[in-house]
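Number of protein chains: 2
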Amino acid sequence: MVTIRQVAKEAGVSVATASRALNGMENVTRSTREKIEAAAARLNYVPHSGARNLTRRRTDTIGVILPDLFGEFFSELIRGIDRAVHAEGKTLLLGNMHGSQQETTQAIRAMRGRVDGLVIMPPNSVAETLHTEPLGAFPMVVLNAVPGGGELPSVSVDSRAGAEMVVQHLIERGARRIVHISGPATNHDAIERETAFRNVVCRELDNADPIVLTGDFCEGSGEAAISRLLESGERFDAVFAGNDVMAVEAMASLRDAGYAIGSEMLVAGFDDIPLSRYVSPGLTTVHSEIPRLGELAAHKLLALIEGSLASEGQATVIRPRLAIRGSTAGLAPPRS
Amino acid sequence: MVTIRQVAKEAGVSVATASRALNGMENVTRSTREKIEAAAARLNYVPHSGARNLTRRRTDTIGVILPDLFGEFFSELIRGIDRAVHAEGKTLLLGNMHGSQQETTQAIRAMRGRVDGLVIMPPNSVAETLHTEPLGAFPMVVLNAVPGGGELPSVSVDSRAGAEMVVQHLIERGARRIVHISGPATNHDAIERETAFRNVVCRELDNADPIVLTGDFCEGSGEAAISRLLESGERFDAVFAGNDVMAVEAMASLRDAGYAIGSEMLVAGFDDIPLSRYVSPGLTTVHSEIPRLGELAAHKLLALIEGSLASEGQATVIRPRLAIRGSTAGLAPPRS
DNA sequence: TTGAAAGCGCTACCAT
DNA sequence: ATGGTAGCGCTTTCAA
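Just so you know, the protein sequences line up as chains A and B, in that order.
Residue numbering for the first sequence follows the UniProt record's numbering, beginning at 1 and increasing consecutively.
Residue numbering for the second sequence follows the UniProt record's numbering, beginning at 1 and increasing consecutively.
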C-alpha cells in the first residue's frame, strides 16, 4: 500500500510538500507539483481517506440510520438523501438498526468518528432518549418521529393531516364502514395515522369504535389483515391502510376475494411509493414526497454541520397532499 | 469530544489498560475493568472508530458502488448485501457513481482507507479497466458485468439464459411478432438480453431482423418506447422488455391503448422486482433473486477479505428461472 | 516555497 | 496484569 511518504521520497520532497501538491494548494511551484504528481501517478498512489479524516477532524460523510432497508419507501428516501449529499460532494454511510433498540444505539455509536453527522429515523422508544445519547453534541437530524423532548432538529411528514384527508376522501366517495390496517405501535407515524383515522370516523360517521387491524408496514401484513377480516365476517366497504405496501396487498387480496376495487370496495394507502401508480386500479394515497423528505433532512444536517443552523428545535413539517386514483373511484350505490 | 486518554486518566490507569478493558480483553483484573468502565460511562465515552480503523488496519466496513440508487432493483440488491454484511457484524458504505465513468473512478478512490473491500456494479466501460485501478490489490467483487480480462471475482445472473427462456415462453404462448425494449448499450446485461432475444427470434421464428427499441432501464423509457412503436404502425403481438420497470410501464401504456394484456398482447420483463407481482395482470418475468445476488456478492467479498478465497477468476453465475404470470396467459386466436 | 515535527485517537508490541 | 510508546497515514502549524 503506497503512502504519501513514498510519493514524497520518490519525488525527492518532504511529505508536507507532497501533501500540499496533492491537495491542490497554491503555494507549490509548478515544477515541484509536476514532479510530485508524476511520482504519485508512477506509484499508483491513492490517498487514504481514513487517515485524512483523522487529521482533518472531518469525514465529509454523513451517516444514515434507518429501521430497515427494505422496500420502496426507504429506497426513495435514500435516493433523496443521496441527491442532496452527493450535490455537496459528500458520501453516505448507511446503517441499519433492524428495528431493535439495542442495535440502534450500537449503530449510532459505530458512526462516531466516521461521519460528520447523522440522519436517523428511530423507533419511538429510541426517539425519546435520543438526545441523551453520548453523541448528544453530535449533529443529528431526526426523520418522521417525535424528537425526544422536542430538542433535536427534525423533518417529518404531517401524518395526521394526511390521514385525515384520505379518510375524509373515502367518506366523500361513499364509504361508511371503513377499516384501518395500522402500522406497528412502536412507530410514531403509525400512531398518528391511526389516531387521525379514529378521529375522523368518529366525527363524521359517528362511529367511536371502528375496526382496526394491526399490521407492521411490511409485505405480508396487508394480506394477513384482509384474510383475518374476511374470516371475521365483518361488513365493510373501504380499507385505509397505514402505508402503501399494505394497501397494495390488501387491494390484491380483496380483488381475489371477488370485490371490484373502486366501485364495490374502496382502498387507500399512505406514502405514494412508485408502485401505487402502477397497480390497477391506481391506488389512492397520501403523497408525501419521500425523496424530498430525505433531501430536506440531508440539507438540514449539512447546515447543522457547517454551523449555519442552531442545533435545537428546528422542526420542518411537510404537508402531504392527496393522490386520488382509481381505487377510490366511488362506491356504486351510495348508501346514506 | 472525550478520548480514551481522558477515560484512562479518570480511572487512574494507562491508556493501554483502558483500551484493553474497553475492548473486552481477558488480561485485565475485574476491579480495574470496573473502574475503567465506570469512568467511561461517567464521561460518556464513545470510541472513535475512525482512529480505531487506522491502527487496526481494518474497518469492518464494506463499500458498495452502484450505478444508481433508484428503483426496486437496487433496493433489493442492497437489502441482500446488507443481510450478509450485517450478519457478520460489519457496516455498509454506500457509493453512487451516478452512471458516469469518471465518478466511478472517483467513488472507488474515495473508498480507499474507509472500507476493507468493495462490491461494485460497473458500467461496461469501467468494468474493462477495473483491474487496472490502483486499488487493484484491493478485495473487490464485481456484480453483473463482464470483469475486465475476466480477472476479478464476480457474481452475476445469467442474463442470456434468462432472456432465452422468456422469449421461448412468449413464442410458446403464441407470440409471432415480438418487440424488444432494450437497456442501455453501456450495460452488459442489456447487451446479453438483446443478443439472446435476437438469437431465439431468429432461430424459432426465422426473423433475422426483429424490432428493437432502445430504452434505458429506467422509468419513462418503457412508455416512450411503446408510444414510438404505436406511432410507427408496426404490427406486433408481444413485448419483451429488458427489465421489469420498463415492462410494467409498457404494459400500462398498451392497456391504455386498448390492448387486452395477456390475451391480445403478451408482455414480459426481466428481474422480478416485487412490483411485478402486484400489477394486474401479473407480469411474467425472469426471476433472478436479486437479494440473493447481493448476498452472494457480499459473502464472496467477505471471504476474499478474510483471505479464504483466491482473488482471481471466481465467477458465480446464478441461473434464473421463469416466473409465469397473467401477462403471458396466451394469445387468444393462435396464429401459426 | 519548502521542511521538520507535532499531533488526530487508537491499538499493539515490548517491558516490567 | 499493567504501563510506556511507537506507530497507523495524513494534515498543518511553525520555522527556515
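Idealized CB from N, CA, C, for every residue including glycine.
Residue state for F270(B) is assigned as coil, using DSSP reduced to three classes. As for any alpha helix (DSSP H) of minimum length 4 sitting wholly inside the UniProt domain "HTH lacI-type" (2-56) of chain B, the runs are 4-11, 15-22, 30-43, 49-56, ordered along the chain.
In this structure, the CA atom of E289(A) is about 8 Å from the CA atom of P320(A). What P47(B) touches in chain A, judged by beta-carbon distance under 8 Å, is R109, R112, G113, going in chain order. For the options H188(B), P210(B), N187(B), D189(B), the alpha carbon positioned closest to that of R198(B) is the one of P210(B). In this structure, the beta-carbon distance from A297(A) to V155(A) falls below 8 Å. As DSSP reads the structure, S154(A) sits in a beta bridge with V142(A), A315(A). The beta strand (DSSP E) runs of length 3 or more contained entirely in the stretch 222-268 of chain A are, from start to end of the chain, 238-241, 266-268. Of the residues I305(B), L254(B), V200(B), the one whose Cα lies closest to the Cα of E223(B) is L254(B). Beta-carbon to beta-carbon, V245(B) and E219(B) are separated by about 6 Å, close enough to satisfy the 8 Å threshold. Secondary structure at T284(B): strand, using DSSP grouped into helix, strand and coil. In the three-state reduction of the DSSP assignment, A332(B) falls in the coil class. Chain-ordered listing is empty here: chain A has no CB closer than 7 Å to the CB of R56(B), the nearest sitting near 10 Å.
Interface with chain A (8 Å Cβ-Cβ cutoff): T129(B) is excluded. At a cut-off of 8 Å, the C-beta of H86(B) has a neighbouring C-beta in chain A. Our two residues, N96(A) and L69(A), have alpha carbons roughly 7 Å apart in a direct line.
Residue-level contact by beta carbon fails for I305(B) and chain A, as no gap is shorter than 8 Å.
When DSSP reads this structure, A303(B) sits in no beta bridge, so it has no partner. Excluding the 5 residues flanking it on each side, R42(B) has same chain C-beta neighbours closer than 8 Å at E10, in chain order.
Residue environment: D256(B) is assigned as exposed (fewer than 16 neighbouring CB atoms within 10 Å of its CB, all protein chains considered).
For V2(A), same chain residues with a beta-carbon under 6 Å away, outside a window of 5 residues either side, are L43, Y45 in chain order. Between S327(A) and P281(A), the C-beta gap is smaller than 8 Å, which places the two residues in contact. Listed along chain A, the residues sitting closer than 8 Å to N96(B) by beta-carbon distance are D82, H86, L92. Annotation for A208(A): C202 place their beta carbon closer than 6 Å to its own, counting only its chain and skipping 5 residues before and after. G63(A) sits in a strand when the DSSP states are folded into three classes. Below 8 Å, too few C-beta pairs join the stretch 56-71 of chain B and the stretch 12-32 of chain B to call them touching: fewer than three. Proximity to E88(A) across I318(A), L301(A), A323(A) peaks at L301(A), based on C-alpha coordinates. Buried is the label assigned to N187(B), since at least 16 other Cβ atoms lie within 10 Å of its Cβ. Contact fails between the stretch 227-235 of chain A and the stretch 261-270 of chain A, because fewer than three Cβ pairs, one in each stretch, are under 8 Å apart. Counted as a single uninterrupted DSSP element, the beta strand (DSSP E) harbouring R321(B) occupies residues 321-323. Under a criterion of Cβ atoms nearer than 8 Å, the residues of chain A adjacent to R79(B) are, in order, L69, F70. DSSP links G220(A) through a beta bridge to no other residue. Of the candidates M140(B), V212(B), Y259(B), T17(B), the residue whose Cα lies closest to the Cα of G307(B) is M140(B).
When rounded, the separation of the alpha-carbon atoms in R56(A) and N144(B) is 37 Å. A direct Cα-to-Cα measurement between F74(A) and I181(A) gives close to 20 Å.
Listed as beta-bridge partners of N96(B) by DSSP are L66(B).
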